[in-house]
Amino acid sequence: MTTLSQFLTEHIQQNNLPTALGDVFESVAKACVQINRQVRQGALAGILGEAGTGNVQGEDQKKLDVIANQQLIDVLKTNADIAGLASEEEDTFVACNENGSYLVLFDPLDGSSNIDVNISVGTIFSILNKPEGALSEQSFLQAGRNQAASGYVLYGPQTQLVLTMKHGVFVFTLDADGNFVQTQANPTVPEQTKEFAINMSNQRHWFKPMQQYIEALLAGETGVRGKNYNMRWVASMVAEIHRILMRGGVFMYPQDARDPAKPGKLRLMYEANPLSLILEQAGGASSNTVKNMLDIQPESLHQRVSVVMGSREEVEYIEQLHR
Ligand code: AHG
Ligand code: MN
Ligand code: MN
482 MTTLSQFLTE HIQQNNLPTA LGDVFESVAK ACVQINRQVR QGALAGILGE AGTGNVQGED
542 QKKLDVIANQ QLIDVLKTNA DIAGLASEEE DTFVACNENG SYLVLFDPLD GSSNIDVNIS
602 VGTIFSILNK PEGALSEQSF LQAGRNQAAS GYVLYGPQTQ LVLTMKHGVF VFTLDADGNF
662 VQTQANPTVP EQTKEFAINM SNQRHWFKPM QQYIEALLAG ETGVRGKNYN MRWVASMVAE
722 IHRILMRGGV FMYPQDARDP AKPGKLRLMY EANPLSLILE QAGGASSNTV KNMLDIQPES
782 LHQRVSVVMG SREEVEYIEQ LHR
């Protein structure tokens with residue numbers, strides 16, 4: 482049995498990584514164990530329902546969006562290795578400790594529309610090296626490939642932490658005593674799949690290549706792809722990506738024709754980049770339909786992006802249709 486702390490010590494030594502990176506993971510895990518407790522209590526802790534507030538991106542906040550955000554901020558601020566953080570629920574970045582060498586970006590509660598109906602939600606995070614000099618928004622605007630590490634915690638039937646420090650992907654399950662214990666090493670995303678995930682209700686708004694792609698999948702054996710596909714939509718990206726990590730599949734939230742100022746719904750820095758790094762480390766692929774997700778140079782903290790990720794063959798097929 483390997484606990485998270487034991488894993489971090491060994492993995493960091495084996496791969497010549499800074500010990501401070503392990504401490505950052507310890508802090509994130511600590512906050513997520515607290516969030517997990519709230520999630521598990523639900524109505525008993527009075528944490529369901531609307532907060533009655535909105536975030537800077539114009540989305541209504543749930544009580545648990547606000548609570549999870551605050552718990553992460555409170556814990557991360559006490560870690561001297563963390564120079565600053567950025568959250569989906571904060572207007573701008575938060576400065577932490579001047580001598581810290583890491584930046585942490587997070588979606589404190591992904592899939593929050595699911596919390597009131599007892600369906601899986603999660604926390605997604607990205608860890609960056611802090612560039613030299615004074616902390617500014619610019620310090621955070623690094624391409625996904627530059628991430629030092631990333632991960633997520635899925636509050637599902639089991640609470641699991643999945644992480645990468647760019648030397649493989651590791652899965653931990655929270656035990657009854659509140660400790661993460663390693664339960665899997667290096668899961669791989671199968672190159673081919675027969676399962677896709679997309680919010681079909683947006684179909685009429687999609688651009689032509691996406692229309693064409695889904696039409697081909699729905700045609701099954703009688704179409705150009707020559708096989709039948711299955712569909713899943715949890716509406717928690719973190720849960721879809723975990724499913725894809727475990728058994729393959731392709732997840733899409735494409736930009737559509739509704740609002741030209743909004744290139745997709747999901748956020749590059751808090752959702753797409755950290756999950757792309759995990760999938761890429763596991764042999765999967767990720768794209769904004771024309772470019773590898775991890776090569777996108779971000780222009781702002783809350784930037785939205787078109788998302789296609791999962792089994793390599795499907796991601797490449799979709800990119801081809803967009804060429
Ligand atoms: P968040 O709860 O952080 O705002 O993210 C929700 C995201 C993502 O997790 C999910 O895939 C998608 O929004 C669901 O969108 P629909 O409501 O269109 O299904
Ligand atoms: Mn989210
Ligand atoms: Mn969120």
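With our numbering applied, the sequence shown has no gaps in its numbers, which climb one by one up to 804 at the end.
Beta carbons: idealized from backbone N, C-alpha and C, even for Gly.
Original post:
Taking only runs of the alpha helix (DSSP H) that begin and end inside the segment 642 to 690, which ones reach a length of at least 4 residues, in chain order?
Top reply: none
Original post:
Can you name, in chain order, every residue of its own chain whose Cβ lies under 6 Å from the Cβ of Glu-721, other than the five neighbours on each side?
Top reply: By one-based count along the sequence shown, residue 721 stands at place 240. Within the same chain, Glu-721 has close Cβ partners Ala-678, Val-715 and Phe-732.
Original post:
When we look at the beta-carbon of Ala-615 and count the other beta-carbons within 10 Å, is it buried (16 or more) or exposed?
Top reply: Numbered from its first residue, the sequence shown carries residue 615 at position 134. By the 10 Å Cβ count, Ala-615 comes out exposed.
Original post:
What does DSSP give as the partner residues of Gln-542 in its beta bridges?
Top reply: In the sequence shown, residue 542 corresponds to position 61, counting from 1. According to DSSP, Gln-542 bridges with Thr-534.
Subject >> Under 9 Å between C-beta atoms of Glu-713 and Gly-730 >> reply: Residue mapping note: residue 713 aligns to position 232 of the sequence shown, counting from 1. Residue mapping note: residue 730 aligns to position 249 of the sequence shown, counting from 1. In the sequence on display, residue 713 carries Arg and not Glu. Yes, they are a contact pair.
Subject >> Span separating the alpha-carbon of Ser-486 from that of Ala-512 >> reply: By one-based count along the sequence shown, residue 486 stands at place 5. By one-based count along the sequence shown, residue 512 stands at place 31. So the two alpha carbons sit approximately 15 Å from each other.
Original post:
Hey, is the segment 515 to 531 in contact with the segment 547 to 557, meaning 3+ C-beta pairs nearer than 8 Å?
Top reply: yes
**OP:** With DSSP collapsed to three states, give me the class of Met-712.
**Re:** Locating residue 712 in the sequence shown gives position 231, counting from the first residue. Three-state DSSP puts Met-712 in a strand.
Original post:
Near Tyr-583, which residues of its chain fall below 8 Å by C-beta distance, leaving aside the five closest residues on each side in sequence?
Top reply: Against the sequence shown, residue 583 aligns to sequence position 102. Closer than 8 Å at the Cβ level, and outside the excluded window around Tyr-583, lie Ala-501, Leu-502, Val-505, Asp-562, Ile-563, Ala-564, Ile-608, Leu-609, Asn-610, Lys-611 and Ala-629.
Original post:
Which residues in the same chain have their Cβ closer than 7 Å to the Cβ of Thr-645, if we skip the five residues on either side of it in sequence?
Top reply: As a working mapping, residue 645 is identified with position 164 in the sequence shown. If we look at Thr-645 and ignore the five residues flanking it on each side, its Cβ neighbours are Ala-630, Ser-631, Gly-632, Leu-758, Ile-759 and Gln-762.
Original post:
Between Asp-597 and ligand 3, is the CB less than 8 Å from at least one heavy atom?
Top reply: Here residue 597 corresponds to residue number 116 of the sequence shown, with the count starting at 1. No, the beta carbon of Asp-597 sits no closer than 8 Å to any heavy atom of ligand 3.
**OP:** Report yes if the CB atom of Pro-744 is closer than 9 Å to the CB atom of Trp-687, and no otherwise.
**Re:** Your numbering for residue 744 matches position 263 in the sequence shown. Your numbering for residue 687 matches position 206 in the sequence shown. No. Outside cutoff.
Original post:
Which residue comes first and which comes last in the beta strand (DSSP E) that contains Asn-610?
Top reply: For the purposes of this step, residue 610 is identified with residue 129 of the sequence shown, where counting begins at 1. Start and end: 602 to 610.
Original post:
CB of Tyr-751 to nearest heavy atom of ligand 2: below 8 Å?
Top reply: Within the sequence shown, numbered from 1, the residue matching residue 751 stands at position 270. Answer for Tyr-751: yes, Cβ within range of ligand 2.
Original post:
DSSP three-state call for Gly-625: helix, strand or coil?
Top reply: Here the question's residue 625 lines up with position 144 in the sequence shown. Helix, per DSSP.
**OP:** Pull up the DSSP beta-bridge partners for Asn-773, would you.
**Re:** Translated into positions along the sequence shown, residue 773 becomes position 292. Paired residue(s): Ser-768.
Original post:
Got a sec? Which residues, its chain only, sit under 7 Å from Gln-801 by beta carbon, not counting five neighbours each side?
Top reply: Counting from 1 along the sequence shown, the entry for residue 801 is found at position 320. Excluding sequence neighbours, Gln-801 sits near nothing in its chain.
Subject >> Beta bridge counterpart(s) of Asp-588 as assigned by DSSP >> reply: Position 107 of the sequence shown, counted from the first residue, corresponds to residue 588. Paired residues: Ile-605.
Original post:
Among Val-514, Ile-528 and Val-537, which has the Cα closest to the Cα of His-783?
Top reply: Looking up residue 783 in the sequence shown gives position 302. The option with the nearest alpha carbon to His-783 is Val-537.
**OP:** Tell me Val-786's beta-bridge partners as DSSP assigns them.
**Re:** As a first step, residue 786 must be located in the sequence shown, where it is residue number 305. For Val-786, which the question treats as bridged, DSSP gives the partners Leu-747.
Subject >> Anticipated Cβ contact below 8 Å, Asn-711 with Glu-702, distance rounded >> reply: Taking the sequence shown and counting its residues from 1, one reaches residue 711 at position 230. Taking the sequence shown and counting its residues from 1, one reaches residue 702 at position 221. Actually they are not in contact, since the Cβ atoms of Asn-711 and Glu-702 sit about 13 Å apart, beyond 8 Å.
**OP:** Buried or exposed for Met-718, please, with buried defined as at least 16 other CB atoms from any protein chain shown within 10 angstroms of its CB.
**Re:** Looking up residue 718 in the sequence shown gives position 237. Buried.
**OP:** Within 10 angstroms of the Cβ of Pro-589, are there 16 or more other Cβ atoms? Answer buried if so, exposed if not.
**Re:** For the purposes of this step, residue 589 is taken as residue 108 along the sequence shown, with counting starting at 1. When all chains shown are included, Pro-589 counts as buried.
Subject >> First and last residue of the uninterrupted alpha helix (DSSP H) at Ala-510 >> reply: Taking the first residue of the sequence shown as position 1, residue 510 is located at position 29. Segment 500 to 522, the alpha helix (DSSP H) holding Ala-510.
Original post:
Met-718 by DSSP, collapsed to three states: which one?
Top reply: Your numbering for residue 718 matches position 237 in the sequence shown. Correct three-state label for Met-718: helix.
Original post:
Any chance the CB of Arg-724 is under 8 Å from a heavy atom of ligand 2?
Top reply: Walking along the sequence shown from the start, residue 724 turns up at place 243. No - ligand 2 has no heavy atom lying nearer than 8 Å to the Cβ of Arg-724.
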